[in-house]
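Okay, so here's the structure we're looking at.
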Amino acid sequence: MIETLLASSRVKFLASMAGVFIVFGVLVETLGSLTWYLSPRDPAAIEEASRLQGVLGSLVKTPEAGVQAVVPSIEKPAVAAGGEILLVGLHRLLEWPASMGRSFQEPPMLAERVAHGDLPPVAERLPQDPLVVVPPEQMGPYGGTWTRMATGPKDINVLESRFSYEGLVRWGPMGERILPNLAKRWTVEDSAKVFTFWLRKGVRWSDGHPFTAEDIAFWYHDHLNNSEVTPVIPREFKRDGQVMGFEQLDDYTIRFTFTSSNGLFLQQLASRSYELVRHAKHYMKQFHARYRSVEELTVLANARGFDLWSKLFEDMWRWRNPDAPRLWPWLVKDPPPARPARLERNPYYWKIDPEGRQLPYIDEMTFDIFDPETINFKAINGEMGMQSRHLQFKNYPLFMEGRQKGDYRVLKWHNATMGQNVISLNQNHSDPYMKSLIQDRRFRIALSHAIDRDELNEADFFGIGTPRQAAPNPSSPYYDPDFERAYIEYDPMLASRMLDDMGLADKDASGLRLRPDGDPISIRLETTSLNNRVLELISRYWTAVGVRTEIKEEARQLFYERKRGTLHDGGIWGGANGQVPVLDPRFHIPYSDESIQAVDYARWYRTDGLRGETPPPAIRETIDLFNRVEKAPELSEQIRLYREILDLNRKHLWVIGTVGMIPDVFLVRNNFRNVPDVAMSGWVFRTPGNTAIECYAIYPSRVN
Numbered sequence: 253m254i255e256t257l258l259a260s261s262r263v264k265f266l267a268s269m270a271g272v273f274i275v276f277g278v279l280v281e282t283l284g285s286l287t288w289y290l291s292p293r294d295p296a297a298i299e300e301a302s303r304l305q306g307v308l309g310s311l312v313k314t315p316e317a318g319v320q321a322v323v324p325s326i327e328k329p330a331v332a333a334g335g336e337i338l339l340v341g342l343h344r345l346l347e348w349p350a351s352m353g354r355s356f357q358e359p360p361m362l363a364e365r366v367a368h369g370d371l372p373p374v375a376e377r378l379p380q381d382p383l384v385v386v387p388p389e390q391m392g393p394y395g396g397t398w399t400r401m402a403t404g405p406k407d408i409n410v411l412e413s414r415f416s417y418e419g420l421v422r423w424g425p426m427g428e429r430i431l432p433n434l435a436k437r438w439t440v441e442d443s444a445k446v447f448t449f450w451l452r453k454g455v456r457w458s459d460g461h462p463f464t465a466e467d468i469a470f471w472y473h474d475h476l477n478n479s480e481v482t483p484v485i486p487r488e489f490k491r492d493g494q495v496m497g498f499e500q501l502d503d504y505t506i507r508f509t510f511t512s513s514n515g516l517f518l519q520q521l522a523s524r525s526y527e528l529v530r531h532a533k534h535y536m537k538q539f540h541a542r543y544r545s546v547e548e549l550t551v552l553a554n555a556r557g558f559d560l561w562s563k564l565f566e567d568m569w570r571w572r573n574p575d576a577p578r579l580w581p582w583l584v585k586d587p588p589p590a591r592p593a594r595l596e597r598n599p600y601y602w603k604i605d606p607e608g609r610q611l612p613y614i615d616e617m618t619f620d621i622f623d624p625e626t627i628n629f630k631a632i633n634g635e636m637g638m639q640s641r642h643l644q645f646k647n648y649p650l651f652m653e654g655r656q657k658g659d660y661r662v663l664k665w666h667n668a669t670m671g672q673n674v675i676s677l678n679q680n681h682s683d684p685y686m687k688s689l690i691q692d693r694r695f696r697i698a699l700s701h702a703i704d705r706d707e708l709n710e711a712d713f714f715g716i717g718t719p720r721q722a723a724p725n726p727s728s729p730y731y732d733p734d735f736e737r738a739y740i741e742y743d744p745m746l747a748s749r750m751l752d753d754m755g756l757a758d759k760d761a762s763g764l765r766l767r768p769d770g771d772p773i774s775i776r777l778e779t780t781s782l783n784n785r786v787l788e789l790i791s792r793y794w795t796a797v798g799v800r801t802e803i804k805e806e807a808r809q810l811f812y813e814r815k816r817g818t819l820h821d822g823g824i825w826g827g828a829n830g831q832v833p834v835l836d837p838r839f840h841i842p843y844s845d846e847s848i849q850a851v852d853y854a855r856w857y858r859t860d861g862l863r864g865e866t867p868p869p870a871i872r873e874t875i876d877l878f879n880r881v882e883k884a885p886e887l888s889e890q891i892r893l894y895r896e897i898l899d900l901n902r903k904h905l906w907v908i909g910t911v912g913m914i915p916d917v918f919l920v921r922n923n924f925r926n927v928p929d930v931a932m933s934g935w936v937f938r939t940p941g942n943t944a945i946e947c948y949a950i951y952p953s954r955v956n
């Protein structure tokens with residue numbers, strides 16, 4: 253009888269899931285802001301996409317085939333006949349049908365706490381409509397510790413964005429669409445002026461207190477709109493100089509309104525809406541001056557080493573505070589200086605797998621601290637669970653060679669950046685002569701032609717990369733092949749002629765070109781991570797055409813201080829997002845302090861001309877175009893306008909690209925399951941958060 257009931261329940265479950273999945277698929281396809289498959293590509297990219305589509309298609313069956321056919325509930329990883337682990341696809345999302353009832357499963361470590369009366373039953377801890385994550389490989393098992401490594405306590409800050417990526421909405425694993433998360437559904441109305449979100453009912457903070465629209469209202473009124481807490485409101489939350497409006501329609505419905513169209517808002521929320529839901533009002537209000545006297549708060553702040561209550565408030569919601577309630581998969585239990593820093597599962601986490609198991613599967617996560625070289629050594633030795641951060645591509649042959657001994661696999665995810673080692677010469681230079689030189693497009697184009705990108709590619713990237721400018725990637729709908737290939741031909745003779753034509757023909761005995769005052773023209777490129785072979789070659793190339801160039805490695809804090817003070821000749825940094833460049837246009841317009849090429853122009857832009865330096869007409873044109881991009885409600889119009897920005901960049905080459913299309917290398921222990929073999933990796937997508945790390949699992953046959 254019991255078996256008959258279970259079988260009937262399973263049939264009902266599969267039928268419900270099939271119908272929900274179809275509806276959900278239509279919803280996501282309609283609301284997704286980007287699409288991977290509509291983007292232009294070169295032939296090699298098309299071939300690669302076709303191969304991946306074929307492989308993934310063999311793994312991700314149609315809904316009618318049933319959930320079990322896609323993600324069998326197995327206790328062993330799927331292997332091919334020869335023993336090789338099969339290619340792992342991508343996770344999917346479903347909604348839990350009410351017809352399935354409230355019968356859920358929980359991990360053993362939480363079941364013990366329920367048995368001892370320390371926790372309510374799992375059905376009381378999960379929301380009314382939990383989000384269902386369909387793992388790409390297998391369901392479960394529970395348990396294990398995810399070991400990670402960092403370079404210092406501040407480096408663990410990535411926990412808050414990449415590993416606690418729980419906002420209203422999320423990017424999908426390939427960065428091609430926007431998916432539901434804490435918001436079950438949403439609408440965009442009135443030409444992208446009105447955004448309404450319906451929250452999941454019954455989600456709870458990690459202390460068991462209900463999460464409602466009241467918590468987001470607290471963020472809006474007491475964080476965003478409090479000048480002591482937020483002196484400068486981020487541009488994403490403003491339009492026409494006015495802060496966006498907010499309405500709490502009921503306990504689970506919120507609405508944001510803008511005075512004019514904000515076509516990028518949903519995409520921006522997919523990257524950063526975790527900020528909106530990190531303030532549990534019932535906890536955080538005790539540290540806010542609206543709910544407690546400034547005198548009391550000042551005493552508390554001073555006791556913790558702060559001079560202002562607002563700094564105390566900020567410190568209390570940071571990830572280091574183990575007492576702050578969270579919506580994350582794992583909670584900080586032992587913050588630094590503990591070594592390792594340790595997190596353990598959230599008993600109130602609000603997602604499940606298709607069989608009703610509460611996620612996450614993994615019990616704990618740890619962060620230990622080492623220098624980058626030691627991290628790479630330990631990675632090769634098989635001492636980390638799953639990680640890409642701080643793995644140096646120069647060690648790629650060693651990573652591959654150590655797979656069997658280290659008991660790990662090497663994954664190569666698509667890198668969303670525009671390239672490695674983007675060179676930004678400071679157009680706001682304090683030296684008038686150097687400023688005039690750097691602002692001359694002929695100078696920048698000449699230096700670009702002086703770089704042998706093929707040699708750079710071979711020297712540090714084993715020929716895997718692609719010589720290119722800092723242009724959107726071929727897989728992006730913003731791709732511009734003309735910009736990608738502009739001025740990348742290695743032609744030192746042409747570079748020398750261009751410099752001569754600028755009036756820089758006078759040289760000293762060593763061949764260095766001279767300034768009007770008789771000193772050699774000299775450029776110091778500053779960086780925080782010395783990529784010896786590449787940067788030494790760039791220095792040699794430019795010096796060979798008469799522009800003395802030196803490379804200076806600096807601590808990150810000093811690099812940022814000099815950049816903010818526009819004290820640098822030039823800086824070298826990784827490329828910004830090349831998949832969705834509208835979300836990080838730092839190298840295409842002077843967008844922020846991260847626009848190393850034009851920090852003072854960026855200040856002018858961010859303050860509507862109140863601070864900074866007025867840009868020249870061509871740069872102002874890029875800013876005007878980007879303002880139109882932000883207001884365009886349709887993706888097609890955003891793409892059209894942004895390509896005009898790219899065309900101006902092609903003509904003027906405000907930053908100089910070198911080599912790109914280098915994959916992000918991930919080392920993954922062979923006992924780690926549900927980690928996709930292919931995904932889109934990038935800061936905008938909060939990787940690896942966009943791959944549903946809550947469904948990662950550790951198979952217990954190997955010690956992690």
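Numbering (our numbering), first residue to last: 253 to 956. Heads up, the beta-carbon is just placed ideally off N, CA and C, and yes, glycines get one too.
Outcome for T753 when other beta-carbon atoms lying within 10 angstroms are tallied against a minimum of 16: On the sequence shown, position 501 is the one that residue 753 refers to. Per the sequence shown, the amino acid found at residue 753 is Asp instead of Thr. With fewer than 16 other CB atoms across the displayed protein chains lying within 10 angstroms of its CB, D753 is exposed.
The beta strand (DSSP E) enclosing R696, as first and last residue numbers: As a first step, residue 696 must be located in the sequence shown, where it is residue number 444. Not the beta strand (DSSP E): R696 falls in the alpha helix (DSSP H), residues R693 to H701.
Contained alpha helix (DSSP H) runs [length at least 4] in the region 829-874, N- to C-terminal order: 851-858
Nearest candidate by alpha-carbon position, reference S241, set P885, V907 and P915: Missing from the structure shown is residue 241; the chain here goes from 253 to 956 and no further.
Inter-residue spacing [alpha-carbon to alpha-carbon] between I950 and A723: Locating residue 950 in the sequence shown gives position 698, where the first residue counts as 1. Locating residue 723 in the sequence shown gives position 471, where the first residue counts as 1. Spanning the two alpha carbons is a distance of roughly 38 Å.
Nonlocal neighbours in the same chain, by C-beta distance under 6 Å from R578, ignoring five residues either side: Taking the first residue of the sequence shown as position 1, residue 578 is located at position 326. Excluding sequence neighbours, R578 sits near S458.
Closest Cα partner of L583 within the set I614, L378 and A555: Here residue 583 corresponds to residue number 331 of the sequence shown, with the count starting at 1. Restricting attention to I614, L378 and A555, the CA atom closest to the CA of L583 is found in I614.
Own chain partners of W906 with C-beta closer than 6 Å, once the 5 adjacent residues on each side are dropped: On the sequence shown, residue 906 is found 654 positions in, with the first residue counted as 1. Result list for W906: Q849, in chain order.
W665 (DSSP reduced to helix, strand or coil): Within the sequence shown, residue 665 is the residue found at index 413, counting from 1. W665 falls in the strand class under three-state DSSP.
V421, buried or exposed, once every other Cβ within 10 Å from all chains shown has been counted against 16: Locating residue 421 in the sequence shown gives position 169, where the first residue counts as 1. Counting C-beta atoms within 10 angstroms of its own C-beta, V421 has 16 or more neighbours from the protein chains shown and is therefore classed as buried.
Which of helix, strand or coil DSSP assigns to K328: As a position in the sequence shown, residue 328 is number 76, starting the count at 1. Reliability fails at K328, whose pLDDT of 36 lies under 50, so the model's placement of it is uncertain and the value that follows must be treated cautiously. The answer is coil: DSSP assigns K328 none of H, G, I, E or B.
Alpha-carbon spacing of W665 relative to A944, whole angstroms: Here residue 665 refers to the residue found at position 413 when the sequence shown is read from its first residue. Here residue 944 refers to the residue found at position 692 when the sequence shown is read from its first residue. Between W665 and A944, the C-alpha separation is close to 15 Å.
Other residues of its chain near R696: CB distance less than 6 Å, five sequence neighbours each side excluded: In the sequence shown, the residue the question calls residue 696 occupies position 444. Closer than 6 Å at Cβ, skipping near neighbours: L905.
Neighbourhood of G306 by C-beta distance below 8 Å, restricted to the same chain and skipping five residues each side: By one-based count along the sequence shown, residue 306 stands at place 54. With a pLDDT of 34 at G306, under the threshold of 50, the modelled position of that residue is not reliable, and the figure given next carries that caveat. If we look at G306 and ignore the five residues flanking it on each side, it has no Cβ neighbours.
Residue span of the alpha helix (DSSP H) that contains M686, given as start and end: Indexing the sequence shown from 1 puts residue 686 at position 434. Residues P684 to I690.
A553 - containing alpha helix (DSSP H), residue span: For this step, residue 553 is matched to residue 301 along the sequence shown. Here the alpha helix (DSSP H) through A553 covers V546 to A555.
heavy atom of the ligand ATP below 7 Å from R737 C-beta: Although the ligand ATP was asked about, the structure shown includes no ligands whatsoever.
Segment contact flag, the region 384-403 with the region 635-650, C-beta cutoff 8 Å, min 3 pairs: Yes, they touch.
Strand pairing of G497, partner residues [DSSP]: Residue 497 sits at position 245 when you count from the first residue of the sequence shown. Paired residue(s): T509.
Under 8 Å between C-beta atoms of N667 and D929: Start at 1 with the first residue of the sequence shown, and residue 667 comes out as number 415. Start at 1 with the first residue of the sequence shown, and residue 929 comes out as number 677. Their beta carbons are not under 8 Å apart, which means N667 does not touch D929 by this criterion.
Distance between F839 and G864 (C-alpha atoms, nearest Å): Translated into positions along the sequence shown, residue 864 becomes position 612. Translated into positions along the sequence shown, residue 839 becomes position 587. Roughly 17 Å between the two C-alpha positions.
P952 beta carbon less than 8 Å from that of G396: Here residue 396 refers to the residue found at position 144 when the sequence shown is read from its first residue. Here residue 952 refers to the residue found at position 700 when the sequence shown is read from its first residue. For the pair G396 and P952, the CB atoms are nearer than the 8 Å cut-off.
Distance, E389 Cα to V323 Cα: In the sequence shown, counting from the first residue as 1, residue 323 sits at position 71. In the sequence shown, counting from the first residue as 1, residue 389 sits at position 137. Its pLDDT being 28, under 50, V323 is placed unreliably by the model, and the measurement read from it follows with that caveat. Cα to Cα, the separation comes out at about 6 Å.
Uninterrupted beta strand (DSSP E) stretches inside the region 588-670 (no shorter than 3 residues): Complete beta strand (DSSP E) runs here, min 3: 593-597, 616-621 and 660-667.
Alpha helix (DSSP H) runs contained entirely in the region 743-818, provided each spans 4 or more residues: Complete alpha helix (DSSP H) runs here, min 4: 744-753, 784-796 and 808-816.
Option nearest M591 by Cα separation, candidates F622, L528 and G637: Within the sequence shown, residue 591 is the residue found at index 339, counting from 1. Here residue 591 is Arg; the residue named in the question, Met, does not match the sequence. Comparing Cα-Cα distances from R591 to each of F622, L528 and G637, the minimum goes to F622.
Three CB pairs or more closer than 8 Å across the region 811-821 and the region 674-690: yes
Whole-number beta carbon distance between H475 and F482, since they are thought to touch under 8 Å: For the purposes of this step, residue 482 is taken as the residue at position 230 of the sequence shown. For the purposes of this step, residue 475 is taken as the residue at position 223 of the sequence shown. The displayed chain sequence assigns Thr, not Phe, to residue 482. T482 to H475, Cβ: 6 Å. Contact.
Beta-carbon contacts of N647 that lie in its chain and below 6 Å, excluding the five residues immediately before and after: Taking the sequence shown and counting its residues from 1, the one referred to as residue 647 is at position 395. Excluding residues within five positions, the ones whose Cβ falls inside 6 Å are N628.
Extent of the continuous alpha helix (DSSP H) run through K585: Sequence index remark: in the sequence shown, residue 585 carries index 333 (1-based). Segment W582 to D586 is the beta strand (DSSP E) holding K585; no alpha helix (DSSP H) there.
Residue of R655, S479 and K533 minimising C-alpha distance to A465: Mapped onto the sequence shown, residue 465 falls at position 213. The residue with the shortest Cα to Cα distance from A465 is K533.
Alpha-carbon to alpha-carbon, L516 and R344: As a working mapping, residue 344 is identified with position 92 in the sequence shown. As a working mapping, residue 516 is identified with position 264 in the sequence shown. Going from the Cα of R344 to the Cα of L516 covers about 24 Å.
N573 classed as buried or exposed, judged by whether at least 16 other C-beta atoms fall within 10 angstroms: Working through the sequence shown from its first residue, we reach residue 573 at position 321. N573 comes out exposed.
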